[in-house]
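A.B. asks: Handing you this structure, nothing more for now.
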Amino acid sequence: MAAQLTQTPSPLAQPAYSARSASASGWRWVIRNVITRRRYLLLVAIGVIIEIVVLSFYQIQANAGYKTFAGDLGTYNQVLYTTDFSGSPFHTTIGIPSGLSGQFLAIHFSPFLVIPAAAYAFDPNVGGLLIIRTVALALGAFPAYGLASARLRSERWGALFAFGYLLSPLTITADWNSFDPEVFLPLVILSAFYFFTTRRHYAFLAAWVLALAVIEAIAPLLLIFAVLALLGTVDWKKYVPSFLRRLAPSATPAQRRVLIAAIVVAFLWIGFAVAVLYSLSPLGGVFGDSYSRRFSVLGATSIPQVFTRIVFHPAAAYTALTFAGNQKIEYILLLVGSTGLLPIFGDRRYLLPAIAWMGLALFSNSNGFYTFGTQYQCYATPFLFAGAVGGAVAIMRPWSPQQATLGSGRFVPDASVGSARPTNALPRRWRAALAPGPSRTRMLEGAAVGAIFLVLIVTSSALTSPLNGEPVDLVEWNAYGIVPITNHDHFLDQVIAWLPAHASVLTTTKLFPHVSNRAAAYLLPYGELFGQSYNYTAVVDRLVNLSQFILVDIVADQLPAQLLYHFVNLTAFGLFAGADGAYLFERGWNGPPVLWEPFSKTVDPGEMNSFDSTQGPDPQSPSGAVLYHAPDNQSGARLWSGPNDPAIPPGVYRVTLIWKIQDARADPGTRLRTLEIPTQVSLVKTLFTRAGFHYSITVGPDHANSTQLNPALITIAHVPSQTAKITTTFNVTWPGDGYLSFAAATLSPNVSVWFYQLTLDEIAPPP
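Everything in the sequence shown is counted per this note's numbering, starting at 2 for the first residue and increasing by one.
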């Protein structure tokens, strides 16, 4: 018998294997397992990336155009910088007027900031901080997706709610052009709700602790949720009609235990936070009286007292509630519309914390509480979106095709993923609706709910979107739309570039974010809380003594710069660098500026105050407009004044006036005066508290004490009946503290005057 030989196939006979086939196989795996099976999650991820890119661009652009502020962007930039690089964690200089020691935790107990501080270390500047803020808000779409997918048993619904979250003004406008730890609340709290719903108890407790660590003010709202959820573990069948029981889904015994643990942790955390806050300062954070000025109409001296004032002083409560009443009504309508009205039908454990926050906002007299664009809306966002998911569950539970699987027959899985319901407890028509297979009616009703949800969100977002430049119900101090970068902004960048990296500097609110990545950056106080042992001038003197440099720009930051020029004695400082009115002064500097670009400004007729003259078109004018004074019988008539512009920095200027004058006789024609109208500053102590008081600061022109800067008296002898434009030039030294005006009056009743243009060109830096 012949032996059978087994021959190993030659490697050449094997199927060809190449990198191309491996790549094709890899792409098939990606398509099958990622794009196809998790396509909705992938769409959500794409939406998150788009939102991060778009919103980061807008806000970095606003910061580059000097439209951001010290509070709170510059404050947190300094806090994170000192935490990462200075060896003094959570150090900030903002609290100095309040008598604080420079510890941010004396203002807010927010240990959660160590997490964004780790990311900030890779890009330690304001732009990086704005990106962190946008990323934190956008990532909240993932737990919104998970929560809706779990409770509605559908990834389609999860994607719908995730995109609703991304498009909602609650997300887009939150903390616009700024940074506060509250921006992490939607991400962390929605994650906690998702873990609670899916019974991942350890993950829920971890997210719960992180939410408490974000800021001390969130603890009461979380406690309301936990207590209501715990009450949901009680069988209220004997006391509550069935149609109400569905608004508060029951919980399992395991969830009951984790809720008790969460409540205990929250109470312990509040006690610890209060102890830390009061040990570091007398302010007490949100639990103290530092927020009293935001509820002064109600008469509350602290946020905890708000509730007792509402109950026991109804007249004061009515007055506070109707303060800016129309704006508050608009805010509530937009707030509920931002989540598609669904929270109204949702679980009470989510709805009542949101109502508690909205009640607090409505009784406030601080418009940051009841307008979009601030960090405060983040307190309500996670509860409203979780409530919106619960509202969809409550509306769609009788019709949801995902409820068709009856399991072993006795229980139908409840949409809350936390309990079960006996089928015989359902009405007959509902049980019929649970027959396997979705009906067209149920699908259309589900589509209608989803469409209304998205339409309301898109509508409210279109009204309030900060991307369009003219949003509704957003705070007036922010810049919206795409902020243009001007030539002056580039000059200001050049001046700031000459500031040494770690040098101490005193500056104003819009410039502070750009120099706050240092431990010794100080802010000129502007409407802040002051310790009882301080007064305004004493605080300013202290900050000046701490500073080697002073940075000021009256063009970019007018009112605070006026205060600086008014209160700060610059005789000990020399001009180190200056460009287009942005000045960097250094203590003891005696040399010429290392950078000098003169300031120039053109004033057209429309910028002047017209008195005995009228504005109209004129082709001879560079701007196409003219101020014209006709002959009359009034000798000494006041023609115009202005521009009364505070945005003219100090310096020596050459003034060029383009005008025309006609007089039929040999009488003097016109008198022109250059006036200094000093700044009038009113400092009024208001709202005394245990910690201190606030200054109410008003800044304006003091016309009563105006002085003449130069003796310019322009007189024109006999002028022919037809004359060309006249160019008149003279110099003026402008100290910069106040308002500059060029006032004109006639010396003859027969004179005709045309004003075309006035130009100021700086010929020397401030003396």
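The C-beta atom is built at its ideal place from N, Cα and C for all residues, glycine as well. All figures in this text were calculated on a predicted structure; none of them were measured in a lab.
State the Cα-Cα distance for the pair Asp558 and Gly579, rounded to the nearest angstrom.
C.D. replies: Along the sequence shown, read from residue 1 onward, the residue named residue 558 stands at position 557. Along the sequence shown, read from residue 1 onward, the residue named residue 579 stands at position 578. In a straight line, the C-alpha of Asp558 is about 15 Å away from that of Gly579.
A.B. asks: Taking its Cβ as the centre, do 16 or more other Cβ atoms sit within 10 Å of Asn546, making it buried, or is it exposed?
C.D. replies: Looking up residue 546 in the sequence shown gives position 545. Classification for Asn546: exposed.
A.B. asks: Do you know offhand how far Leu260's Cα is from Ser534's?
C.D. replies: Here residue 260 is taken as the residue at index 259 of the sequence shown, counted from 1. Here residue 534 is taken as the residue at index 533 of the sequence shown, counted from 1. The alpha-carbon atoms of Leu260 and Ser534 are separated by roughly 46 Å.
A.B. asks: Along the beta strand (DSSP E) that carries Glu598, what are the first and last residues, could you check?
C.D. replies: Locating residue 598 in the sequence shown gives position 597, where the first residue counts as 1. It spans 596-598 - the beta strand (DSSP E) in which Glu598 sits, taken as one unbroken run.
A.B. asks: Can you round the beta-carbon distance between Pro679 and Gly739 to whole angstroms, since I take them to be within the 8 Å contact cut?
C.D. replies: The sequence position of residue 679 within the sequence shown is 678, counting from 1. The sequence position of residue 739 within the sequence shown is 738, counting from 1. Contact flag correct, Cβ pair sits at about 4 Å.
A.B. asks: How many Å lie between Phe1 and Val516 at the Cα?
C.D. replies: Nothing in the structure corresponds to residue 1, since the chain is present only between 2 and 768.
A.B. asks: Near Ile53, which residues of its chain fall below 8 Å by C-beta distance, leaving aside the five closest residues on each side in sequence?
C.D. replies: Position 52 of the sequence shown, counted from the start, is the residue given in the question as residue 53. So the list reads Ile132, Thr135, Val136, Ala139, once near-sequence residues are dropped.
A.B. asks: Would you kindly work out how many angstroms separate the C-alpha atoms of Leu269 and Ser297, rounded to a whole number?
C.D. replies: As a working note, residue 269 is residue 268 in the sequence shown. As a working note, residue 297 is residue 296 in the sequence shown. Going by the C-alpha atoms only, they are around 30 Å apart.
A.B. asks: By the 10 Å Cβ neighbour count, where 16 or more other Cβ atoms means buried, how is Val127 classified, buried or exposed?
C.D. replies: Along the sequence shown, one-based indexing puts residue 127 at 126. The residue in question, Val127, is buried, as its Cβ has 16 or more Cβ neighbours within 10 Å.
A.B. asks: If you drop the 5 nearest sequence neighbours on each side, which residues of the same chain put their C-beta closer than 6 Å to that of Glu156?
C.D. replies: On the sequence shown, residue 156 is found 155 positions in, with the first residue counted as 1. If we look at Glu156 and ignore the five residues flanking it on each side, its Cβ neighbours are Tyr41, Ser150.
A.B. asks: Where does Arg422 fall in DSSP's three states?
C.D. replies: Start at 1 with the first residue of the sequence shown, and residue 422 comes out as number 421. Only weak support exists for where Arg422 lies, its pLDDT of 40 falling under 50; the value from the coordinates is given anyway. DSSP, reduced to helix, strand and coil, places Arg422 within a strand of the structure shown.
A.B. asks: Just to confirm my understanding: we take Leu299, look at its own chain, exclude 5 residues before and 5 after, and list those with CB closer than 7 Å. What are they?
C.D. replies: Locating residue 299 in the sequence shown gives position 298, counting from the first residue. Here the set comprises Val307, Arg310, Ala317, Ala318, Ala321, Phe364.
A.B. asks: State the Cα-Cα distance for the pair Gln779 and Phe197, rounded to the nearest angstrom.
C.D. replies: Absent from the structure is residue 779, since the part of the chain shown begins at 2 and ends at 768.
A.B. asks: Throw me the rounded Cβ distance for the Pro187 and Ser466 pair, which I believe falls under 8 Å.
C.D. replies: Taking the first residue of the sequence shown as position 1, residue 187 is located at position 186. Taking the first residue of the sequence shown as position 1, residue 466 is located at position 465. About 18 Å; that fails the 8 Å criterion.
A.B. asks: CA-CA distance, Ala204 and Gln549?
C.D. replies: On the sequence shown, residue 204 is found 203 positions in, with the first residue counted as 1. On the sequence shown, residue 549 is found 548 positions in, with the first residue counted as 1. Cα to Cα, the separation comes out at about 50 Å.
A.B. asks: Rounded to whole angstroms, what is the Cα-Cα separation between Leu759 and Ala765?
C.D. replies: Indexing the sequence shown from 1 puts residue 759 at position 758. Indexing the sequence shown from 1 puts residue 765 at position 764. Each residue's Cα considered, the two are about 19 Å apart.
A.B. asks: Please report how far the alpha carbon of Ile396 lies from the alpha carbon of Phe346, in whole angstroms.
C.D. replies: As a working mapping, residue 396 is identified with position 395 in the sequence shown. As a working mapping, residue 346 is identified with position 345 in the sequence shown. C-alpha separation (whole angstroms): 7 Å.
A.B. asks: Apart from the five residues on each side of it in sequence, which residues of its chain come closer than 6 Å, Cβ to Cβ, to Ala107?
C.D. replies: Counting from one through the sequence shown, the residue named residue 107 turns up at place 106. Short of 6 Å from the beta carbon of Ala107, and not among the five residues preceding or following it, lie these beta carbons of its own chain, in chain order: Leu101, Leu281, Ser282.
A.B. asks: Using three-state DSSP, classify Gln256 as helix, strand or coil.
C.D. replies: Indexing the sequence shown from 1 puts residue 256 at position 255. In this structure, Gln256 counts as helix in the three-state DSSP scheme.
A.B. asks: Which value, in whole angstroms, describes the spacing of the CA atoms of Val277 and His695?
C.D. replies: The count along the sequence shown starts at 1 and reaches residue 277 at position 276. The count along the sequence shown starts at 1 and reaches residue 695 at position 694. One C-alpha to the other measures close to 24 Å.
A.B. asks: Report yes or no: do the segment 73-82 and the segment 107-127 share at least 3 C-beta pairs separated by less than 8 Å?
C.D. replies: yes
A.B. asks: Can you tell me the Cα-Cα spacing of Tyr207 and Pro125, whole angstroms?
C.D. replies: Along the sequence shown, read from residue 1 onward, the residue named residue 207 stands at position 206. Along the sequence shown, read from residue 1 onward, the residue named residue 125 stands at position 124. Looking at the sequence itself, residue 207 is Ala, so the reference to Tyr does not match. The alpha-carbon atoms of Ala207 and Pro125 are separated by roughly 28 Å.
A.B. asks: By Cβ distance below 6 Å, which residues in the same chain neighbour Arg519 in space, the five residues on each side in sequence not counted?
C.D. replies: As a working mapping, residue 519 is identified with position 518 in the sequence shown. Answer for Arg519: His503, listed in chain order.
A.B. asks: Count the other C-beta atoms from every protein chain shown that fall within 10 angstroms of the C-beta of Gly233, then say buried if there are 16 or more, exposed otherwise.
C.D. replies: Working through the sequence shown from its first residue, we reach residue 233 at position 232. So Gly233 ends up on the buried side.
A.B. asks: Grab me the residues of Tyr527's own chain with a C-beta within less than 8 Å of its C-beta, minus the 5 sequence neighbours each way, in chain order.
C.D. replies: As a position in the sequence shown, residue 527 is number 526, starting the count at 1. Result list for Tyr527: Thr509, Thr510, Leu560, Pro561, Leu564, Ile698, in chain order.
A.B. asks: Does Lys329 come out as helix, strand or coil in the three-state DSSP assignment?
C.D. replies: Translated into the one-based positions of the sequence shown, residue 329 becomes position 328. Lys329: helix per DSSP, three-state reduction.
A.B. asks: Is it true that the segment 369-388 meets the segment 347-360, where meeting means three or more beta-carbon pairs spaced less than 8 Å apart?
C.D. replies: yes
A.B. asks: DSSP three-state label for Asp554, please.
C.D. replies: Residue numbering aside, residue 554 sits at position 553 when the sequence shown is read from its first letter. In the structure shown, Asp554 sits in a strand (DSSP, three-state: E or B).
A.B. asks: Could you check how far apart the C-beta atoms of Ile662 and Thr671 are, in whole angstroms? I think they sit under 8 Å.
C.D. replies: Looking up residue 662 in the sequence shown gives position 661. Looking up residue 671 in the sequence shown gives position 670. With a Cβ gap of about 6 Å, Ile662 and Thr671 count as contacting.
A.B. asks: Just to confirm the assignment, what range does the alpha helix (DSSP H) spanning Tyr146 have?
C.D. replies: Looking up residue 146 in the sequence shown gives position 145. Looking at the DSSP string, the run of the alpha helix (DSSP H) that includes Tyr146 is 142-153.
A.B. asks: Give, in chain order, every unbroken run of the beta strand (DSSP E) that is at least 3 residues long and sits entirely within the segment 607-652.
C.D. replies: Taking only runs of at least 3 residues, the beta strand (DSSP E) segments lying wholly in the segment 607-652 are 615-618, 626-630, 639-642, 644-646.
A.B. asks: Between the Cα of Glu587 and those of Ile497, His314, Pro599, Ile173, spot the shortest distance and give me the residue it belongs to.
C.D. replies: As a working note, residue 587 is residue 586 in the sequence shown. Nearest of Ile497, His314, Pro599, Ile173 to Glu587, Cα basis: Ile497.
A.B. asks: Could you give the DSSP three-state label for Arg674: helix, strand or coil?
C.D. replies: Sequence index remark: in the sequence shown, residue 674 carries index 673 (1-based). If DSSP states are grouped into helix, strand and coil, Arg674 belongs with the strands.
A.B. asks: What separation, rounded to the nearest whole angstrom, lies between the Cα atoms of Asp181 and Ile190?
C.D. replies: Within the sequence shown, the letter at position 180 stands for residue 181. Within the sequence shown, the letter at position 189 stands for residue 190. Taking the straight line joining both Cα atoms gives about 16 Å.
A.B. asks: Keeping to the same chain, check which residues put their C-beta closer than 7 Å to that of Ala267; ignore five residues upstream and five downstream.
C.D. replies: Reading the sequence shown from its first residue, position 266 is the one you call residue 267. By the criterion of a C-beta distance shorter than 7 Å, Ala267 is surrounded in its chain by Leu213, Ala220, Leu223, Leu224, Ala227, once the five residues flanking it on both sides are discounted.
A.B. asks: Compare the beta carbon distance of Trp735 and Tyr654 with 8 Å and say whether it is the shorter of the two.
C.D. replies: In the sequence shown, counting from the first residue as 1, residue 735 sits at position 734. In the sequence shown, counting from the first residue as 1, residue 654 sits at position 653. Yes. Within cutoff.
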